[in-house]
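Numbering (my numbering), first residue to last: 96 to 482.
Where a beta carbon is used, it is the ideal one built from N, C-alpha and C, also for glycine.
Shown next, in structure tokens, is the structure this report addresses.
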């Protein structure tokens, strides 16, 4: 970047997909939960997941031919697991993927998956640069890595930048687990919600929190207070693999979560999505466990199928109960809908594209889930259809 480059302050009007922007010693940190919700959380897993900017992107108009973003990333290391590649930054120009980049340096957060213990090592700020862009007036989006906490330090261009403003698109607010977060997606525009949003032409706010879709009231209140035209909640897998509650608590917790959403969005189309297929927990309760014995990360269920009689949750139990709850509520709530997760990824998909770690889809399956969701939810007869 030349000495004549223009530095533009990173302000909320340049960001989409974040619910809060925290000022740090280096710059600003996008959050996907507001400060009030973060203050009520005591779980480090939630704190880490919500600070990972899945679905968060810088959006602006410019004639710039070069764009440079200084960032301080926090990269995750899991002892015993193979190292993950640096997170990708996806550049879209007028809605089309025009480049990808990575950032070195940054902090390193080491997380022991067996004990939950963490340590952090500091590192330097790095730059992500995109050059040779067309010199025409254009819409530019920089999607941030979905798996790395990312502090935004500086935005530099060789032509002025201005906020994009309202594009007239509907806002889709989604909440789910690591599969929605994009745990194993190749890049931020490859997560299944991003794929679906791109196909449907909507603005995505992705509250997919890895390991943390646990019907937390503070998440429900954050969604209640977030403007949205369409809302979906994908419920189930984290409740099973965390062994967080039994059926007696699950049913009223679902009702309470939906009641809170309806307090702020009484007539908004609301879609409840049950879990995709995960054979290890279809009929076996949690808790889940990490297994490194094969030299790769593998997940397994440690519960006893007989414990279902005492109310322990499995994916099959959750699908049946979610379908029952939605059917009962829909009698008085015509804008409430249900989607069976097996329609997004089921037995035939598992046979063709098995879950590499027994829990998360691979990038090809992520895209397939997004394409199917777009067709089923946003199609002419879907609950999010333009009708």
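Among the residues of its own chain, which have a CB less than 6 Å from the CB of residue i, if the five just before and after it don't count?
| i | result |
| --- | --- |
| residue 99 | For residue 99, the pLDDT reaches just 45, beneath the cut-off of 50, and the residue's location in the model is therefore unreliable, leaving the point undetermined. |
| residue 308 | 271, 272 and 333 |
| residue 420 | 349 |
| residue 96 | Note on residue 96: pLDDT 47, under 50, position unreliable in the model; the coordinate value appears next. Closer than 6 Å at the Cβ level, and outside the excluded window around residue 96, lie 163 and 251. |
| residue 469 | 291, 294 and 295 |
| residue 435 | 369 |
| residue 452 | 392, 393 and 394 |
| residue 103 | 250 and 256 |
| residue 225 | 162, 186 and 194 |
Please determine, among the options, the residue with the shortest C-alpha to C-alpha distance to residue i.
| i | options | result |
| --- | --- | --- |
| residue 325 | 435, 407, 355 and 264 | 264 |
| residue 459 | 452, 120, 448 and 195 | 448 |
| residue 317 | 302, 331 and 330 | 302 |
| residue 269 | 364, 379 and 110 | 364 |
| residue 171 | 399, 147, 154 and 338 | 147 |
| residue 120 | 141, 132 and 167 | 167 |
| residue 464 | 480, 453, 441 and 452 | 441 |
| residue 322 | 225, 357, 398 and 374 | 357 |
| residue 138 | 476, 359 and 304 | 304 |
| residue 107 | 155, 149 and 136 | 155 |
| residue 408 | 339, 211 and 225 | 339 |
| residue 430 | 179, 211, 362 and 282 | 362 |
In its own chain, which residues sit with a C-beta less than 8 Å from the C-beta of residue i, not counting the 5 before and 5 after it?
| i | result |
| --- | --- |
| residue 123 | 105, 116, 117, 246 and 247 |
| residue 192 | 185, 186 and 284 |
| residue 438 | 467 and 471 |
| residue 403 | 378, 380, 409 and 412 |
| residue 355 | 312, 315, 316, 318 and 319 |
Cβ atoms of residue j and residue i: under 8 Å apart, would you say?
| i | j | result |
| --- | --- | --- |
| residue 196 | residue 221 | no |
| residue 366 | residue 478 | yes |
| residue 413 | residue 274 | no |
| residue 257 | residue 190 | no |
| residue 455 | residue 207 | no |
| residue 300 | residue 328 | no |
| residue 101 | residue 153 | no |
| residue 443 | residue 433 | no |
| residue 160 | residue 255 | no |
| residue 298 | residue 462 | no |
| residue 381 | residue 396 | yes |
| residue 342 | residue 424 | no |
| residue 335 | residue 209 | no |
If residue i sits next to residue j, beta carbons under 8 Å apart, how far is it from one beta carbon to the other, in whole angstroms?
| i | j | result |
| --- | --- | --- |
| residue 174 | residue 214 | At roughly 10 Å, the Cβ-Cβ gap does not stay under 8 Å, so residue 174 and residue 214 are not in contact. |
| residue 151 | residue 113 | 5 Å |
| residue 249 | residue 165 | 4 Å |
| residue 134 | residue 314 | The pair is not a contact, with the Cβ atoms about 13 Å apart (cut-off 8 Å). |
| residue 276 | residue 144 | 7 Å |
| residue 286 | residue 241 | 6 Å |
| residue 203 | residue 218 | 6 Å |
In chain order, what residues of the same chain lie with their CB nearer than 7 Å to the CB of residue i, ignoring the 5 residues before and after it?
| i | result |
| --- | --- |
| residue 109 | 153, 154, 155 and 258 |
May I have a chain-ordered list of the alpha helix (DSSP H) segments no shorter than 4 residues that lie completely inside the stretch 381-416? Entirely contained in the stretch 381-416, not one alpha helix (DSSP H) run reaches 4 residues.
Just list the alpha helix (DSSP H) runs in the stretch 214-281, keeping only unbroken ones of 4 residues or longer that don't cross its boundaries, in chain order. List check, alpha helix (DSSP H) in window: 273-276.
Which residue spans inside the stretch 138-192 form an unbroken alpha helix (DSSP H) run of at least 4? Correct list: 139-146.
In chain order, which beta strand (DSSP E) runs of at least 3 residues are fully inside the stretch 284-366? Runs found: 298-303 and 325-329.
Runs of beta strand (DSSP E) lying entirely within the stretch 414-470, each at least 3 residues, in chain order: Runs found: 431-434.
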